[in-house]
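One structure below.
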Amino acid sequence: MDKVPPKIDPTVPSPARIYDYLLGGKDNFASDRAAAEKVLQLSPNAREVARANRRFLIRAVEYMTQQGIRQFLDIGTGLPTQENVHQVALRHAPDSRVVYVDNDPIVLTHARALLADEKRVVAVEGDLRRPESILDNPQVTKHIDLGQPVGLLLVAVLHFIPDEAAYPAVAKLRDRLAPGSHLAISHISAEDLDEKTVQEGKQVYAKSSAGALVPRSRGDIQRFFGEYGLVEPGLVWPDDWRRTEGEDRIPRMQGSDCYAGVAIVR
60 MDKVPPKIDP TVPSPARIYD YLLGGKDNFA SDRAAAEKVL QLSPNAREVA RANRRFLIRA
120 VEYMTQQGIR QFLDIGTGLP TQENVHQVAL RHAPDSRVVY VDNDPIVLTH ARALLADEKR
180 VVAVEGDLRR PESILDNPQV TKHIDLGQPV GLLLVAVLHF IPDEAAYPAV AKLRDRLAPG
240 SHLAISHISA EDLDEKTVQE GKQVYAKSSA GALVPRSRGD IQRFFGEYGL VEPGLVWPDD
300 WRRTEGEDRI PRMQGSDCYA GVAIVR
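The numbering used here numbers the first residue of the sequence shown as 60 and each following residue consecutively.
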């Protein structure tokens, strides 16, 4: 990244830019690359986790369009890369409308530049820890109708929010979704890592703009779906979620893990 947007400290790593680096992107600073390399030392399969997570996002959006979803709310969207939500949704359902929400100024700068001529997509500032500020944002309510089914995407974001904020926030979001809505979640787990490695990983993100990393168990991740019924195949390794027959598989290796799933609001 050549230019530093105003009010950005390039010496402070950002989870969005660390993720961009793991995916092979170029929208990152030296501090992000250093943090990402530390993550790779602790969890050598971190790149595979990032790639599997991206594939899950694509498949989840494809699945939602097949179920008739035409409105998408992507919270914690991260830096634009190939096969974003709007690209997948509009390819399969050209009448789709997409709202991207993030609290990272660089994410918003890039997203708004990318979407300047795309009238079916908007990018707004918002923080998952304050869901009402997103759901009641006039930019959001003008673009999508929360009284109709929505595809809500919380992909690789909840593991940056402590329990006392994360569970109430997701519950409030679930309560506002109309019947027929879909909720997609992917989340880091560290069940097979030793405590020293987990703590060192947390220290990396404690020094980032996120301020925290909260890997959770599979059971704790499933709690985010509440009473919603998970669609098949349930809560699984992201690249095993509705992977088509004959499609290559990103391997699930020991180390930092990830779970992903989609549920339907009844």
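Even glycine gets a Cβ: it sits at the ideal position worked out from N, Cα and C.
- Query: What residue range is occupied by the uninterrupted alpha helix (DSSP H) comprising V144?
  - Reply: Counting along the chain, the unbroken alpha helix (DSSP H) around V144 starts and ends at V144 to H151.
- Message: Which residue marks the beginning of the alpha helix (DSSP H) containing S46, and which one marks its end?
- Response: The requested residue 46 does not occur in the structure, where the chain is confined to residues 60 to 325.
- Task: Use the C-beta contact count for E107: other C-beta atoms within 10 angstroms, 16 or more gives buried, fewer gives exposed.
- Result: Within a 10 Å sphere around the beta-carbon of E107 sit 16 or more other beta-carbons, which makes this residue buried.
- Query: What is the DSSP secondary structure of L232, counted as helix, strand or coil?
  - Reply: Helix at L232.
- For I244, does the three-state DSSP call read helix, strand or coil? I244: strand per DSSP, three-state reduction.
- Item | Proximal residues to Q125 (C-beta, below 6 angstroms), its chain only, five neighbours per side dropped | Here the set comprises nothing.
- Among residues of its own chain, excluding the 5 on either side of P72, which ones have a beta-carbon nearer than 6 angstroms to its beta-carbon? When the five nearest sequence neighbours on each side are left out, the beta carbons in the same chain lying within less than 6 angstroms of the beta carbon of P72 are those of S90, D91, A94 and S267, in order along the chain.
- Is the beta carbon of N196 sitting closer than 7 angstroms to the one on V183? A contact, by the Cβ cut-off of 7 angstroms.
- Message: Need the endpoints of the alpha helix (DSSP H) that I280 sits in, please.
- Response: Per DSSP, the unbroken alpha helix (DSSP H) holding I280 starts and ends at R277 to Q281.
- Query: What does a CB cutoff of less than 8 angstroms around A271 pick up in its chain, not counting 5 residues either side in sequence?
  - Reply: Residues F219, I220, P221, K261, Y264 and A265 of the same chain have their beta carbon placed closer than 8 angstroms to that of A271, with the five preceding and five following residues left out of the count.
- In three-state terms, what does DSSP make of I117? Helix, per DSSP.
- Inter-residue Cα distance where the pair is F115 and V180: Each residue's alpha carbon lies about 21 angstroms from the other.
- To which residues of the same chain is Y80 closer than 8 angstroms at the C-beta, ignoring the five residues directly before and after it? The answer, listed in chain order, is N87, D91, R92 and A95.
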